[in-house]
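Engineer: Line by line, the protein sequences give chains A and B.
In terms of the UniProt record's numbering, the first sequence has 39 at position 39, counting the first letter as 1, and numbering is strictly consecutive.
In terms of the UniProt record's numbering, the second sequence has 71 at position 71, counting the first letter as 1, and numbering is strictly consecutive.
Ideal Cβ placement from N, Cα and C applies to all residues, glycine included.
Structure provided below as structure tokens; questions to follow.
Number of protein chains: 2
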Amino acid sequence: MALEIERKFLVVGQGWRAQVRRSVEIRQGYLGGEGGRASVRVRLQGNAASLNIKAAVVGRARTEYEYDIPYADGREMLDTLCVGRIDKIRHYVECDGLTWEIDEFGGDNAGLVVAEVELASLDQVFVRPPWLGREVTEDQRYYNQYLALHPYRSWPDAD
Amino acid sequence: MALEIERKFLVVGQGWRAQVRRSVEIRQGYLGGEGGRASVRVRLQGNAASLNIKAAVVGRARTEYEYDIPYADGREMLDTLCVGRIDKIRHYVECDGLTWEIDEFGGDNAGLVVAEVELASLDQVFVRPPWLGREVTEDQRYYNQYLALHPYRSWPDAD
Chain A
1 MALEIERKFL
11 VVGQGWRAQV
21 RRSVEIRQGY
31 LGGEGGRASV
41 RVRLQGNAAS
51 LNIKAAVVGR
61 ARTEYEYDIP
71 YADGREMLDT
81 LCVGRIDKIR
91 HYVECDGLTW
101 EIDEFGGDNA
111 GLVVAEVELA
121 SLDQVFVRPP
131 WLGREVTEDQ
141 RYYNQYLALH
151 PYRSWPDAD
Chain B
1 MALEIERKFL
11 VVGQGWRAQV
21 RRSVEIRQGY
31 LGGEGGRASV
41 RVRLQGNAAS
51 LNIKAAVVGR
61 ARTEYEYDIP
71 YADGREMLDT
81 LCVGRIDKIR
91 HYVECDGLTW
101 EIDEFGGDNA
111 GLVVAEVELA
121 SLDQVFVRPP
131 WLGREVTEDQ
141 RYYNQYLALH
151 PYRSWPDAD
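Here it is in structure tokens:
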């Protein structure tokens, strides 16, 4: 178990691209329906697969559990048991000692780019990179499980 | 991944008790809401904990994945993230080369006793023990995830 403290922002412009250290393709989906107290995510990242369980609350701090599973299991679950799918490229950017994860969504969420940073405490102060837009930590529409079922392109106010 | 072939029956009377080889206490609950394509179960059994993912279909054959997890994680998830709870004692009974799992439910499902047997093929023939009642393999009300949310004692036709 870990308490994950994270803040999430929209990304403005393309300035971040020059700062990318590495990128990885991610495919993920969700097990179980809506309305539970937790989300259960299956993720394929490179040649690894994992199960992730997170409290279904909105905000900066969420309890999280993560377990590696066999890749073949992950792929099968994604193809046969998951509801909703997310495809994205995760770019890693270092800024003032913090690692930002910039998720560039594909498929039905194309056009959406979101930056996340993991912090050591709820009130940690950090330098805002110039490409950082509006904070969406408290906006559940930007949570991957929501996007999986209600893709960005279907939003009335997208783009 | 494994395809689990299982048949499930009600248990009649107490005759089975004399045949019990061993018994173990089980506490379990479910992550994620209803309406998904899979159930995600957290189980504590003795001093072990596991995550189990099963296709949400009713019938004899269901795809199943199972992973051991740290006991502390399992207990925490059960206490904080699970929806619905099942407490039961599982008794193991050997009959004509097959192992029957007899689940004696507690809590809000007290009064319900169900026997399950795992088979090698869908049409495997087996000897019916004398305490075996009506088959409920196709009746989703007897699935643990249903019982967790709609306990036996709340059924209009329960005892």
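What does the Cβ neighbour count give for residue 28 of chain A, buried or exposed, with the cut at 16 atoms within 10 Å?
Structural biologist: By the 10 Å Cβ count, residue 28 of chain A comes out buried.
Engineer: At a Cβ threshold of 8 Å, is residue 127 of chain B touching chain A?
Structural biologist: For residue 127 of chain B, the answer is no, since every Cβ of chain A falls outside 8 Å of its Cβ.
Engineer: Does DSSP put residue 143 of chain B in a helix, a strand or coil?
Structural biologist: Note: residue 143 of chain B maps to coil in three-state DSSP.
Engineer: Could you confirm whether any beta carbon from chain B is found closer than 8 Å to the beta carbon of residue 83 of chain A?
Structural biologist: Closer than 8 Å to some Cβ of chain B, the Cβ of residue 83 of chain A qualifies, so yes.
Engineer: If residue 161 of chain A sits next to residue 100 of chain A, beta carbons under 8 Å apart, how far is it from one beta carbon to the other, in whole angstroms?
Structural biologist: Given a span of 1 to 159 for chain A in the structure shown, any question on residue 161 of chain A remains unanswerable.
Engineer: Give the straight-line distance between the Cα atoms of residue 108 of chain A and residue 47 of chain A, rounded to the nearest whole angstrom.
Structural biologist: Going from the Cα of residue 108 of chain A to the Cα of residue 47 of chain A covers about 24 Å.
Engineer: Given that a residue counts as buried once 16 or more other Cβ atoms are within 10 Å of its Cβ, and exposed if not, what is residue 141 of chain A?
Structural biologist: Flag for residue 141 of chain A reads exposed.
Engineer: Is residue 86 of chain B near residue 148 of chain B, with beta carbons less than 8 Å apart?
Structural biologist: Taking 8 Å as the Cβ cut-off, residue 86 of chain B and residue 148 of chain B qualify as a contacting pair.
Engineer: Could you check how far apart the C-beta atoms of residue 92 of chain B and residue 21 of chain B are, in whole angstroms? I think they sit under 8 Å.
Structural biologist: Correct: roughly 5 Å between the Cβ atoms.
Engineer: Since residue 31 of chain A and residue 53 of chain B are thought to touch, with beta carbons under 8 Å apart, how far apart are those beta carbons, to the nearest angstrom?
Structural biologist: Residue 31 of chain A to residue 53 of chain B, Cβ: 6 Å. Contact.
Engineer: Check the Cβ of residue 40 of chain B against every Cβ in chain A and list those closer than 7 Å, keeping chain order.
Structural biologist: Near residue 40 of chain B (Cβ distances below 7 Å), the residues of chain A are 31, 32, 40.
Engineer: Leaving out the 5 sequence neighbours to the left and right, which residues in its chain are closer than 6 Å to residue 61 of chain A when beta-carbon positions are compared?
Structural biologist: Counting only Cβ-Cβ distances below 6 Å, and skipping sequence neighbours, we find 3, 5.
Engineer: Go ahead and pull the three-state DSSP assignment for residue 52 of chain A.
Structural biologist: DSSP places residue 52 of chain A in strand when its eight states are reduced to three.
Engineer: Here's the rule: buried if 16 or more other CB atoms are within 10 angstroms of the residue's CB, otherwise exposed. What is residue 124 of chain A?
Structural biologist: That one is exposed.
Engineer: Since residue 68 of chain A is in the beta strand (DSSP E), which residue starts that stretch and which ends it?
Structural biologist: 61 to 69 is the span of the beta strand (DSSP E), which, as asked, contains residue 68 of chain A.
Engineer: Give me the residue from B:70, B:64, B:130 with the minimum Cα distance to residue 95 of chain B.
Structural biologist: Residue B:130 is the option with its Cα nearest to residue 95 of chain B.
Engineer: Within the 8 Å Cβ cut-off, does residue 119 of chain A reach chain B?
Structural biologist: Chain B, which has no Cβ nearer than 8 Å to the Cβ of residue 119 of chain A, makes this no.
Engineer: Mind listing the chain B neighbours of residue 147 of chain A? Cutoff is C-beta to C-beta under 9 Å, in chain order.
Structural biologist: In chain order: nothing, as chain B lies at least about 17 Å away.
Engineer: Is residue 73 of chain B helix, strand or coil by DSSP?
Structural biologist: Residue 73 of chain B falls in the helix class under three-state DSSP.
Engineer: Go ahead and pull the three-state DSSP assignment for residue 137 of chain B.
Structural biologist: Correct three-state label for residue 137 of chain B: coil.
Engineer: Quick one: using the 10 Å Cβ neighbour count with 16 as the cut-off for buried, is residue 111 of chain B buried or exposed?
Structural biologist: Exposed, by the Cβ-count rule.
Engineer: So, for residue 146 of chain B: in the same chain, excluding its five sequence neighbours on each side, which residues have a beta-carbon less than 8 Å away from its beta-carbon?
Structural biologist: Taken in chain order, the residues that qualify are 140.
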